[in-house]
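A.B. asks:
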């Protein structure tokens, strides 16, 4: 059950089909396997224990991914946006490492005496020794395939371990082998150091779909590449979709080849989803929720779910646009209270998942319990039909006078106002209440004539204890590359401003 099997199966089906497009670079499935086996041979001679990749999205990424698998080593795609000292620290934790670095990426990186540094171009030009085995040696399914650094917002980043069996299981349970037509192409614009980028590559290879690598995202380049390459499938994060729609609206481009657009990685405003469905009625939309530790997607809100919700006058069905759908067939999901008991439909608790694709493992420890359940640290509830509604991270819950307040429910009310483009609600330490509710908003116009309206809305739709006691206007909110709101950064700023940091 090595991930390399996904590629070898695709090669047996059609070795001459184009697998990867990156600018003017094109690799067929046969080319990709040949390059990967050559890289595997190269890595075995290095004596490294890990393989690192420091590069934008290019054709080098899938070669590194399968080349590392051919060598029986885990690949660690690294965040090239990190400061030099943080990047050097991350590399040091993986030493001895064979590091492939893209041109113009992270020019200052210190490595150890046992480390090997090469250019990513070497991944695409590697050749095998004459007489080398034609068939790759598949590693054990328990071997680590990918190592991914967590965000580290609460301390030193952990390194998540995804073994071959986890990734293989995810692909086998969610993708039909070789089902893609020769005209199908998926654009990968999510960074390769994010699980969505990795799962997109693995799933597309197994399905037989051409991968179009977008080196770095701008809405203009995304639209231009989608049109030029006749992209049929794509995955975006919340911060991308709204900007893409703005460009489509400004240019009049309709992307007639596009037929499937999935989104995830962060919370997507319902208003943006509705706008996307109206602007691109020929596209199937999918909301996918997953985590690094679960090898990607665990729940899906599918195309029919989107259409049913948009067409329904039933408020319960309409609300499903704000959900992340139902568990995929291979995943079990429970909502549990703080004492570990499973709560009934409609009641908020912590989301737990179990399945073959679930790792829940770090290089230092595992957090999966004896029965295989992984606590996601996400708060949410399921309705009677099994649709999951997320309510933020457990650490983000505001505790005001002993009452738990979900910041996302307040944000929903605020962003429903036509002048509020984005909102972040956090708890700020308070002597009387423990925490008080404050909001940071991105708005059109001035706050003076808007604040009273927002207060009234929250009080009417929720209750007075949910009303922010202060509003702060910003030009933008902090998000990471995958569209997750960095709520801790907002909370830290407001706490420091209040003199309680």
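Numbering (the working numbering), first residue to last: 91 to 591. Every residue gets a Cβ at the ideal spot worked out from N, C-alpha and C, and that includes glycine. Here the structure is a predicted model, which is why all the values come from computation and not from measurement.
Report buried or exposed for residue 460, applying the criterion of at least 16 other Cβ atoms within 10 angstroms of its Cβ.
C.D. replies: The count along the chain shown starts at 1 and reaches residue 460 at position 370. The residue in question, residue 460, is exposed, as its Cβ has fewer than 16 Cβ neighbours within 10 Å.
A.B. asks: If you measure between the beta carbons of residue 301 and residue 276, is that distance less than 8 Å?
C.D. replies: On the chain shown, residue 301 is found 211 positions in, with the first residue counted as 1. On the chain shown, residue 276 is found 186 positions in, with the first residue counted as 1. Contact flag set, yes.
A.B. asks: Over what stretch of residues does the alpha helix (DSSP H) that includes residue 396 continue unbroken?
C.D. replies: By one-based count along the chain shown, residue 396 stands at place 306. Here the alpha helix (DSSP H) through residue 396 covers 393-401.
A.B. asks: Tell me whether residue 217 sits in a helix, a strand or coil according to DSSP, three-state version.
C.D. replies: Here residue 217 corresponds to residue number 127 of the chain shown, with the count starting at 1. Coil at residue 217, not helix or strand.
A.B. asks: Pair every Cβ in the region 252-261 with every Cβ in the region 461-472, then say whether three or more of these pairs are closer than 8 Å.
C.D. replies: Contact between the region 252-261 and the region 461-472 is absent, because fewer than three Cβ pairs lie under 8 Å.
A.B. asks: Are residue 286 and residue 194 touching if we call contact CB-CB under 8 Å?
C.D. replies: One-based indexing of the chain shown puts residue 286 at position 196. One-based indexing of the chain shown puts residue 194 at position 104. No, the pair does not count as a contact, with Cβ atoms beyond the cut-off.
A.B. asks: Using only CA atoms, which one of 550, 549, 530 and 557 lies nearest to residue 577?
C.D. replies: Here residue 577 is taken as the residue at index 487 of the chain shown, counted from 1. It is 530.
A.B. asks: Looking only at its chain, what residues have a beta carbon closer than 7 Å to the beta carbon of residue 118, apart from the 5 residues adjacent to it on each side?
C.D. replies: Stepping through the chain shown from its first residue, residue 118 is reached at position 28. Counting only Cβ-Cβ distances below 7 Å, and skipping sequence neighbours, we find 105, 106, 107, 108 and 109.
A.B. asks: Taking 8 Å as the threshold, find out whether the region 226-240 comes into contact with the region 266-281 through three or more Cβ pairs.
C.D. replies: Flag = no, the region 226-240 and the region 266-281 do not touch.
A.B. asks: Please decide whether residue 295 counts as near chain B, where near means a Cβ-Cβ distance under 8 Å.
C.D. replies: Looking at the structure shown, chain B is missing, and only one protein chain is on hand.
A.B. asks: Residue 210: which of 427, 141 and 230 sits nearest, CA to CA?
C.D. replies: Locating residue 210 in the chain shown gives position 120, counting from the first residue. Of the listed residues, the one whose Cα sits closest to residue 210 is 141.
A.B. asks: Jot down the residue ranges of each uninterrupted beta strand (DSSP E) in the region 146-191, minimum 3 residues, whole runs only, in chain order.
C.D. replies: Counting only runs of 3 or more, we get 165-167 and 187-191.
A.B. asks: When the Cα of residue 414 is compared with those of 359, 175, 570 and 491, which residue comes out closest?
C.D. replies: Within the chain shown, numbered from 1, the residue matching residue 414 stands at position 324. Comparing Cα-Cα distances from residue 414 to each of 359, 175, 570 and 491, the minimum goes to 359.
A.B. asks: Beta carbon of residue 213, beta carbon of residue 236: below 8 Å?
C.D. replies: Along the chain shown, one-based indexing puts residue 213 at 123. Along the chain shown, one-based indexing puts residue 236 at 146. The answer is no: Cβ separation not under 8 Å.
A.B. asks: Whole angstroms are fine: how far does the CA of residue 326 sit from the CA of residue 477?
C.D. replies: Residue numbering aside, residue 477 sits at position 387 when the chain shown is read from its first letter. Residue numbering aside, residue 326 sits at position 236 when the chain shown is read from its first letter. Taking the straight line joining both Cα atoms gives about 21 Å.
A.B. asks: Taking only runs that begin and end inside the region 268-301, name each unbroken beta strand (DSSP E) of 3 or more residues, in chain order.
C.D. replies: As far as the region 268-301 is concerned, its whole beta strand (DSSP E) runs of at least 3 residues are 275-278.
A.B. asks: On the three-pair Cβ rule with 8 Å, is the region 411-430 touching the region 441-450?
C.D. replies: Touching, per the Cβ criterion.
A.B. asks: Could you have a look at residue 542 and say whether DSSP puts it in helix, strand or coil?
C.D. replies: As a working mapping, residue 542 is identified with position 452 in the chain shown. Looking at residue 542 - three-state DSSP - the assignment turns out to be helix.
A.B. asks: Using a threshold of 8 Å, state whether the C-beta atoms of residue 329 and residue 482 are closer than that.
C.D. replies: For the purposes of this step, residue 329 is identified with residue 239 of the chain shown, where counting begins at 1. For the purposes of this step, residue 482 is identified with residue 392 of the chain shown, where counting begins at 1. Result no, Cβ atoms of residue 329 and residue 482 do not sit closer than 8 Å.
A.B. asks: First and last residue of the beta strand (DSSP E) that includes residue 378?
C.D. replies: By 1-based counting over the chain shown, the position of residue 378 is 288. Here the beta strand (DSSP E) through residue 378 covers 374-381.
A.B. asks: Grouping DSSP H, G and I as helix and E and B as strand, with all else coil, what is residue 258?
C.D. replies: Within the chain shown, the letter at position 168 stands for residue 258. Residue 258: helix per DSSP, three-state reduction.
A.B. asks: For residue 489, is the classification buried or exposed, using 16 other Cβ atoms within 10 angstroms of its Cβ as the cut-off for buried?
C.D. replies: Against the chain shown, residue 489 aligns to sequence position 399. Exposed.
A.B. asks: By a C-beta neighbour count over all protein chains shown, 10 Å radius and 16 as the cutoff for buried, is residue 404 buried or exposed?
C.D. replies: The residue you call residue 404 lines up with position 314 of the chain shown. Exposed.
A.B. asks: Give the C-beta separation of residue 207 and residue 136 to the nearest angstrom, bearing in mind that I take them to be a contact with Cβ-Cβ under 8 Å.
C.D. replies: To locate residue 207, count along the chain shown from 1; it is residue 117. To locate residue 136, count along the chain shown from 1; it is residue 46. With 8 Å as the limit, residue 207 and residue 136 do not qualify as a contact, their Cβ atoms being about 11 Å apart.
A.B. asks: Of the choices 543, 432 and 555, whose alpha-carbon is the least far from that of residue 493?
C.D. replies: Start at 1 with the first residue of the chain shown, and residue 493 comes out as number 403. Nearest C-alpha to residue 493: 555.
A.B. asks: Quick one: using the 10 Å Cβ neighbour count with 16 as the cut-off for buried, is residue 395 buried or exposed?
C.D. replies: The count along the chain shown starts at 1 and reaches residue 395 at position 305. Buried: at least 16 other Cβ atoms inside 10 Å.
A.B. asks: Assign residue 315 to one of three DSSP states: helix, strand, or coil.
C.D. replies: The count along the chain shown starts at 1 and reaches residue 315 at position 225. Of the three classes helix, strand and coil, the one that applies to residue 315 here is helix, per DSSP.
A.B. asks: Just verifying my parser: in three-state terms, what is the DSSP assignment at residue 667?
C.D. replies: Because the chain in this structure spans residues 91 to 591, residue 667 falls outside the shown range and cannot be described.
A.B. asks: Give every residue of the same chain whose Cβ lies closer than 8 Å to the Cβ of residue 455, excluding the five residues on either side of it in the sequence, and list them in chain order.
C.D. replies: Position 365 of the chain shown holds residue 455. Correct list: empty, nothing qualifies.
A.B. asks: Would you mind working out which of 116, 130 and 114 sits nearest residue 94, comparing C-alpha positions?
C.D. replies: In the chain shown, counting from the first residue as 1, residue 94 sits at position 4. The residue with the shortest Cα to Cα distance from residue 94 is 130.
A.B. asks: By the DSSP assignment, the alpha helix (DSSP H) with residue 125 in it spans what residues?
C.D. replies: Stepping through the chain shown from its first residue, residue 125 is reached at position 35. First-last of the alpha helix (DSSP H) with residue 125: 119-134.
A.B. asks: For residue 511, collect the residues of the same chain with a Cβ closer than 6 Å to its Cβ; drop the 5 residues on either side in sequence, then sort them by chain order.
C.D. replies: If you number the chain shown from 1, residue 511 lands on position 421. Only 532 meet the Cβ criterion.
A.B. asks: Which ranges would you report for the beta strand (DSSP E) in the region 489-548 if only whole runs of at least 3 residues count?
C.D. replies: Taking only runs of at least 3 residues, the beta strand (DSSP E) segments lying wholly in the region 489-548 are 493-495, 510-520 and 524-533.
A.B. asks: Which residue comes first and which comes last in the beta strand (DSSP E) that contains residue 347?
C.D. replies: Counting from 1 along the chain shown, the entry for residue 347 is found at position 257. Here residue 347 belongs to no beta strand (DSSP E), and DSSP marks it neither H nor E.
A.B. asks: Measure from the alpha carbon of residue 449 to the alpha carbon of each residue in 291, 473, 392 and 386, then state which is nearest.
C.D. replies: Mapped onto the chain shown, residue 449 falls at position 359. Of 291, 473, 392 and 386, the residue nearest in Cα terms is 386.
A.B. asks: Please state the DSSP three-state secondary structure of residue 338.
C.D. replies: Position 248 of the chain shown holds residue 338. It is helical.
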